[in-house]
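See structure below.
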Amino acid sequence: MNTTQNNEALLDNQMKELVDNQRKYYNTNATLSAGFRIEQLKKLKSLLLKHEEDMHRAIFNDFSKSKYENQLIEFYPLLDEIDVAIKNVKKWMKHKSLKTNLFNFPAKSYLVPEPLGVSLVIGAWNLPYNLSLTPLIGSMAAGNTTILKPSELPANTSAIMAKIINDNFDPNYLKVVEGAIPETTALLKQRYDKIFFTGSPMVGKIVNKAAAEHLTNVTLELGGKNPSIFTEDSDLKMGVKRMIWARFVNSGQFCITADYALVHKDRKDEFLKLAVEEIEKHNFSIENKNFVQIINERNFDRVVKLIDPEKVYYGGTYDREKRVINPTILNNVTLDDAVMQDEIFGPVLPVIEYETLDEAFEIIKRYEKPLAAYLFSNDATAKKRFLKEIPFGNGAINDCVMQISNPNIPFGGVGNSGMGRYHGKYSFECFSNFKGILDKPTSLETNLKYYGYSDKRMKIMKALS
Ligand code: NAD
């Protein structure tokens, strides 16, 4: 065995031991009661509050995300998710009553939620706290043990999550494993009852294959090219204001942002003018605490390559040393342009004009089913057609990204942008198995199904079923 093989075998063994120990602990039934789940969720919340400043500092050191933006987009939504889970977990754990058909009379029918068991959560880097801890909260509320593997790219953020959790929770119940591809590969060789992955469709396929090996229940939260459509009758002033903030917050490194804008040709000039005004009003910059660095040089170079200088309508400037790309609008973009080949994941907005809604829809359908889609319109027919004809995971009408801030709306993709849903009670469901039960008393039996079949009996059975 060479050194690489040795290290691989060592990692595999470490991960196996970790998973085996979590399974042993899960099998003690310690995580099953509502009391235990609530206690652990409360503990997590108090630890987050205790370490709030450390968490702000860590994410600032990773990509200059300000405290205010961290609170707005990551920290407070996480506290909300914990509060919703603490408040509702007893209700969610209750048996859910179902109708019983006459054929089974007398009986009760119901669903019994149970935890799936040992879960693995793999996070992405762009909202590193939110995308790691929101699924973790769901896993805890549903009564699982959890191994969390945050993204390695924001190294300080990954380290502070590991510190908060590993210093305070039993590793047989919750454990953060830090690391990159070797660690994730070793983790993925093990058998879980649930794998929850957030990241790119490419890595999503690796995760799905690993899950298939053990027929493990899997949720994939992936990405795609999210369209935003501005119709002829659109309230551009409000629509552009909402969309521009959503497009450039986190420097466009946001899985549900509007990747590109499809604008009716008669409104495009006005759209562009308003978009520039909005960008300038915000004055997006790290100094103004409303912009962040591109996560690393690889992503910086990737996004810069998408900026065709011939098509720059606004911005197009960048600073490699600071890893900053200023908000950029590209005009007269065609589907052949580099910027329209893959998800952008950076502060560059391509604008494409269209003439009819059919044309706009046809463009959207050339791409894989997106994670999110947005329609800016007050036209009832356009809204109806948008909801009926365009497949996407989640979205908004006359707004952009804000659907994520309502825990009552299930969050997730479809097809290439993912599978499964979470947030609020959907997170609980995502990490649970619902056992379907028929519960019969022994006092009465119709005897219809037993010996002595006859046409008459068959008729009665048919009528009752
Ligand atoms: P990524 O797929 O590169 O990485 C995600 C995770 O997978 C990380 O923890 C990483 O360590 C691990 N990983 C990377 N390569 C691996 C490999 N070969 N084998 C095993 N594990 C591996 O994604 P990213 O760059 O962190 O995030 C960007 C992508 O995630 C975008 O496509 C974006 O749209 C998507 N995303 C989706 C959501 C959502 O909620 N649907 C949220 C954020 C980001």
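Take the sequence shown: its position 395, counted from the start at 1, is 1516 in my numbering, and no numbers get skipped. All C-beta atoms in this analysis are idealised placements derived from N, C-alpha and C, irrespective of residue type, glycine included. These numbers come from a predicted model, not from an experiment.
Query raised in the report: On the three-pair Cβ rule with 8 Å, is the segment 1302-1321 touching the segment 1454-1462?
Result: no
**Report entry** Segment limits, alpha helix (DSSP H) that includes K1556
**Finding:** Under the DSSP assignment, K1556 falls outside any alpha helix (DSSP H), being part of the beta strand (DSSP E) whose first and last residues are 1553-1560.
Query - C1551: CB within 7 Å of a non-hydrogen atom of the ligand NAD - result: no
Query raised in the report: Of the choices S1185, I1203, V1370, L1496, whose alpha-carbon is the least far from that of G1360?
Result: Here the closest residue by C-alpha is L1496.
Requested in this report: Could you spell out where the alpha helix (DSSP H) holding H1385 opens and where it closes?
Outcome: It is not in any alpha helix (DSSP H) - H1385 instead sits in the beta strand (DSSP E) that spans 1381-1385.
Query raised in the report: When burial is assigned at 16 or more other CB atoms within 10 Å of the CB, is Q1374 buried or exposed?
Result: buried
Query raised in the report: Would the C-beta of E1464 count as close to the ligand NAD, meaning under 7 Å from any of its heavy atoms?
Result: yes
Query - beta strand (DSSP E) runs wholly inside the segment 1182-1220, at least 3 long, in chain order - result: Correct list: 1217-1219.
Query - 8 Å contact criterion, which A1155 and T1352 should meet: CB distance rounded - result: That pair is no contact at about 48 Å.
Report task. Note down the Cα distance separating Y1197 from P1491, rounded to an integer number of angstroms. Result -> 27 Å
Query raised in the report: Hey, quick one: how far does the alpha helix (DSSP H) through L1309 stretch, first residue to last?
Result: Element bounds for L1309: 1302-1309.
Query raised in the report: Hey, which unbroken runs of the alpha helix (DSSP H) at 4 residues or more fall wholly within the segment 1482-1570?
Result: 1501-1510, 1546-1551
Query - Closer than 7 Å: W1246 CB and nearest the ligand NAD heavy atom - result: yes
Query raised in the report: Given A1220, which residues of its chain have a CB within under 8 Å of its CB, disregarding the five upstream and five downstream residues?
Result: Here residue 1220 turns out to be Lys, not Ala, going by the sequence shown. Cβ within range, chain order: S1230.
**Report entry** Residue closest to K1208, alpha-carbon to alpha-carbon, out of P1234, K1570, G1545, I1194
**Finding:** G1545
Query raised in the report: Does the segment 1520-1529 come within contact of the segment 1319-1327, defined as at least 3 CB pairs closer than 8 Å?
Result: no
Query raised in the report: Under a three-way DSSP split, which group does P1430 fall into?
Result: helix
**Report entry** Cross-strand partners of Y1231 (DSSP beta bridge)
**Finding:** S1218, I1558
Query raised in the report: How about F1317 and T1340: are their beta carbons less than 8 Å apart?
Result: yes
Requested in this report: Note down, one range per segment and in chain order, each beta strand (DSSP E) of at least 3 residues found wholly within the segment 1401-1469.
Outcome: 1433-1435, 1449-1451
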